[in-house]
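Protein sequences, first through last, are from chains E and C.
Going by the working numbering, the residue at position 132 of the first sequence is 140; the numbering climbs one at a time, nothing skipped.
Going by the working numbering, the residue at position 53 of the second sequence is 58; the numbering climbs one at a time, nothing skipped.
Structure first, then comments.
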Amino acid sequence: MFIRSAFYFSLVLAGAFSALAQESGTSVVALPEDAAGKPYEIEFEIEYRAQEDRRSERPQTKTRHSLHEIALGGHYRIEKTIGVRGEMAVESDGREQRFFVKEALILYSPWENYVEARIGQQFLPVGLVNERDDWFSSNPGFMEKIFTAEKSIDLGVVTVFRPYNQEWIFLEGGVFSGRVLREEDERSGSPEKTPRVLSLKSKSEFHDAFLTYFEHDYAYFDPVRAFGGGFELRSPRHWPVRGEFMIEHWRFQEIQSAGPDVDNQAWLLHGRVEWWRLGLGHRFSQNNSHLRTVNSRFALPTEVSRLSYVDFKIAEPFLIRGEAIKEVQDEVVRDELVARALLSWEI
Amino acid sequence: MAAKLSVVVMALLICACAEENFELAQRREIQAHTKIDIQADHSRYLFADFLKGVNSREHFVIGARFVKHKSSFTLHSHFNGYEYRDGVRIRVSRDQDEIWVECASPGFLPSRTELSNVQMNPDGTLRLRIEVHDGVSTGVRILIWNDVQSLQGELQRARVTVNESTADMDSRREGWVFESHGRGARWGIETEDVQLLTAYREAPYVH
Numbered sequence: 009m010f011i012r013s014a015f016y017f018s019l020v021l022a023g024a025f026s027a028l029a030q031e032s033g034t035s036v037v038a039l040p041e042d043a044a045g046k047p048y049e050i051e052f053e054i055e056y057r058a059q060e061d062r063r064s065e066r067p068q069t070k071t072r073h074s075l076h077e078i079a080l081g082g083h084y085r086i087e088k089t090i091g092v093r094g095e096m097a098v099e100s101d102g103r104e105q106r107f108f109v110k111e112a113l114i115l116y117s118p119w120e121n122y123v124e125a126r127i128g129q130q131f132l133p134v135g136l137v138n139e140r141d142d143w144f145s146s147n148p149g150f151m152e153k154i155f156t157a158e159k160s161i162d163l164g165v166v167t168v169f170r171p172y173n174q175e176w177i178f179l180e181g182g183v184f185s186g187r188v189l190r191e192e193d194e195r196s197g198s199p200e201k202t203p204r205v206l207s208l209k210s211k212s213e214f215h216d217a218f219l220t221y222f223e224h225d226y227a228y229f230d231p232v233r234a235f236g237g238g239f240e241l242r243s244p245r246h247w248p249v250r251g252e253f254m255i256e257h258w259r260f261q262e263i264q265s266a267g268p269d270v271d272n273q274a275w276l277l278h279g280r281v282e283w284w285r286l287g288l289g290h291r292f293s294q295n296n297s298h299l300r301t302v303n304s305r306f307a308l309p310t311e312v313s314r315l316s317y318v319d320f321k322i323a324e325p326f327l328i329r330g331e332a333i334k335e336v337q338d339e340v341v342r343d344e345l346v347a348r349a350l351l352s353w354e355i
Numbered sequence: 006m007a008a009k010l011s012v013v014v015m016a017l018l019i020c021a022c023a024e025e026n027f028e029l030a031q032r033r034e035i036q037a038h039t040k041i042d043i044q045a046d047h048s049r050y051l052f053a054d055f056l057k058g059v060n061s062r063e064h065f066v067i068g069a070r071f072v073k074h075k076s077s078f079t080l081h082s083h084f085n086g087y088e089y090r091d092g093v094r095i096r097v098s099r100d101q102d103e104i105w106v107e108c109a110s111p112g113f114l115p116s117r118t119e120l121s122n123v124q125m126n127p128d129g130t131l132r133l134r135i136e137v138h139d140g141v142s143t144g145v146r147i148l149i150w151n152d153v154q155s156l157q158g159e160l161q162r163a164r165v166t167v168n169e170s171t172a173d174m175d176s177r178r179e180g181w182v183f184e185s186h187g188r189g190a191r192w193g194i195e196t197e198d199v200q201l202l203t204a205y206r207e208a209p210y211v212h
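The structure is reproduced here in structure tokens:
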């Protein structure tokens, strides 16, 4: 808690120190100046969500609806090499509200386009899905096994190294604090091994690709070691009918010191077609797990998740979306219809 | 030859008795089970279906009849078998007309409380819903609901009423903290002077 408070305080101080900083003549990659030369941007997002559990005789059967999230964020370029970015949100699951800081970052780029550092609270850059906040109303179940939470945000340092001064191929590595708060007694614990990630990535207007190694040993949880790879292809924005296709594959182990390990192989596929203001898509994911003892291997129930959606952009900041989610493991674990209205302003 | 034949006959007899002792409820979700060490007063059941994982949320429905005034059954969740006993243990016991529950994670002493809202039927039968969260974001958490509404056992609790706030026992509400968690993906039930009537799993109710 102290470390986090100190970090947020340092963000405030960063502005004051920037006046003393020397002009280095380099540019910040992560915070490009927009066409109007504006050094800042403020974003405001609201999501209204209605959900219906379609499983019979379940307490969640009746429709729930609530103002799911209000978020305020933005970034400010202090000088050419230093910028700050932050986003805070209040999230509600219909029963209780939770305030949290999604992002509170210092962005530092000491060598023009070659090295960039992100220091602070941020989404773990593991795969393509985790960093896409609120992309879907829920993430596939295997992500909870990798991160011990559906999405993962932590305090840490991520460094991007672009040896060829471009994004066709670059390295990204990160180390995070890994402190977790146990819900049972609200006691926080330090990790045995801090979460760390190393990725080889490629990026352009039309694609994203990654190869990643990620591991952690959080307090109260089993250690996880994960290898993943995947890519996303996107058609040019000016095409009348646009498309996206994504595939991610993860092999990860839940390791136990006194018990059998669990080997997991997870797939995620996503396809989307967009025409005019209308979008249609489908996400499929599957996780095959095996319990591995010294001399045997048992298959655990396969986890399958399907999500189909349709969205319509009413105006530039206003999007409505309908999602149908079905998750099966042994039996139907989730069968939900979700309606979302997303409003996002940028100043 | 005669000795071998007698062993086979004995085995068949044990199996026959076990089938009488264990009535599978007529549900699609029920998986085949493996019975080991079944005796008149003390039995152990190891179920053949695996749990969702070593770290998962599981919901069990268990119906049992307490044969004596002091009798009990123990649910072993997320364990690797009776030789290891490395799972979360939930022991439900009858002491005259009171029902008590003891919960423990591997290597630690159990926490105990009376299920004062849970009433047994006059014939000693009881049906409970037990939800075990093990090694997931909520840590280890155990919730218990009495699944029978009338004293005669005629009505079962409507499933729509099974939620966090209606639980007759919630380890978090009790303030119990489990310092370890289950190490396996199997489940089993051990009985002492208890006739097991039904045992199956459903998708969890609490997230």
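Quick reminder that beta carbons are idealized off the backbone N, C-alpha and C, glycines included.
So, helix, strand or coil for residue i, using DSSP?
i              : result
K73 (chain C)  : coil
A21 (chain C)  : With a pLDDT of 38 at A21 (chain C), under the threshold of 50, the modelled position of that residue is not reliable, and no figure is offered here.
E169 (chain C) : helix
Y89 (chain C)  : coil
S176 (chain C) : helix
G197 (chain E) : strand
E324 (chain E) : coil
K334 (chain E) : strand
F55 (chain C)  : coil
L29 (chain C)  : Low confidence applies to L29 (chain C): its pLDDT is 36, below 50, so where it sits in the model is not reliable, and the reading given next is rough at best. Of the three classes helix, strand and coil, the one that applies to L29 (chain C) here is coil, per DSSP.
M125 (chain C) : coil
E120 (chain E) : coil
G102 (chain E) : coil
K209 (chain E) : strand
R85 (chain E)  : strand
S352 (chain E) : strand
G189 (chain C) : coil
I263 (chain E) : coil
K110 (chain E) : strand
I177 (chain E) : coil
G6 (chain E)   : Since the first and last residues shown for chain E are 9 and 355, residue 6 (chain E) lies out of range.
In angstroms with no decimal places, state the Cα-to-Cα distance between residue i and residue j.
i              : j              : result
S35 (chain E)  : N60 (chain C)  : Because S35 (chain E) carries a pLDDT of 37, less than 50, the predicted location of this residue cannot be relied on, and the following value inherits that uncertainty. Each residue's Cα considered, the two are about 46 Å apart.
N122 (chain C) : R233 (chain E) : 44 Å
M15 (chain C)  : E195 (chain C) : Low local confidence applies: a pLDDT of 42 at M15 (chain C) is under 50, so the model's placement there is unreliable, and no value is given.
A208 (chain C) : S293 (chain E) : 19 Å
G193 (chain C) : G187 (chain C) : 13 Å
P118 (chain E) : E87 (chain E)  : 11 Å
C108 (chain C) : E158 (chain E) : 28 Å
W283 (chain E) : N151 (chain C) : 53 Å
Y84 (chain E)  : W353 (chain E) : 16 Å
K153 (chain E) : K73 (chain C)  : 43 Å
I255 (chain E) : P203 (chain E) : 24 Å
R329 (chain E) : V318 (chain E) : 6 Å
W143 (chain E) : Y48 (chain E)  : 24 Å
K110 (chain E) : R96 (chain C)  : 42 Å
D338 (chain E) : V167 (chain C) : 20 Å
R93 (chain E)  : L113 (chain E) : 5 Å
V249 (chain E) : S243 (chain E) : 9 Å
E335 (chain E) : K46 (chain E)  : 45 Å
With 8 Å as the threshold, decide whether the Cβ of residue i is near any Cβ in chain D.
i              : result
D193 (chain E) : Among the chains of the structure shown, chain D does not appear; the protein chains present are E and C.
So, are the CB atoms of residue i and residue j less than 8 Å apart?
i              : j              : result
P133 (chain E) : E180 (chain E) : yes
E175 (chain E) : K201 (chain E) : no
S100 (chain E) : H73 (chain E)  : no
N173 (chain E) : N138 (chain E) : no
S110 (chain C) : E179 (chain C) : no
V188 (chain E) : G164 (chain E) : no
I54 (chain E)  : I90 (chain E)  : no
S170 (chain C) : R146 (chain C) : no
E240 (chain E) : F222 (chain E) : no
Can you name the residues of chain E whose CB is closer than 9 Å to the CB of residue i?
i              : result
R164 (chain C) : S64, E65, R66 and P67
By the criterion of Cβ-Cβ separation under 7 Å, what are the contact partners of residue i in chain C?
i              : result
Y228 (chain E) : G144
Under 8 Å between beta-carbons, which chain E residues line up against residue i? List them in chain order, please.
i              : result
G189 (chain C) : G267, P268 and L299
What residues of chain C sit near residue i, judged by a beta carbon separation below 9 Å?
i              : result
E262 (chain E) : G58, V59, N60 and G140
A157 (chain E) : S142
For a contact defined as C-beta to C-beta under 8 Å, what are the partners of residue i on chain C?
i              : result
A112 (chain E) : Those do not exist, as A112 (chain E) stays about 22 Å from chain C at its closest Cβ, beyond 8 Å.
Contacting positions in the stretch 83–109 of chain E - beta carbon closer than 8 Å to chain C: none
Chain C contacts from the stretch 290–313 of chain E (Cβ-Cβ distance under 8 Å): Answer in chain order: S297, L299, T301, F306, A307, L308, P309 and E311.
If you measure beta-carbon to beta-carbon, which residues of the stretch 50–61 of chain C are closer than 8 Å to chain E? D54, F55, L56, K57, G58, V59 and N60
Proximal residues, the stretch 80–93 of chain C versus chain E, C-beta separation under 7 Å: Per Cβ criterion, the list reads N85 and D91.
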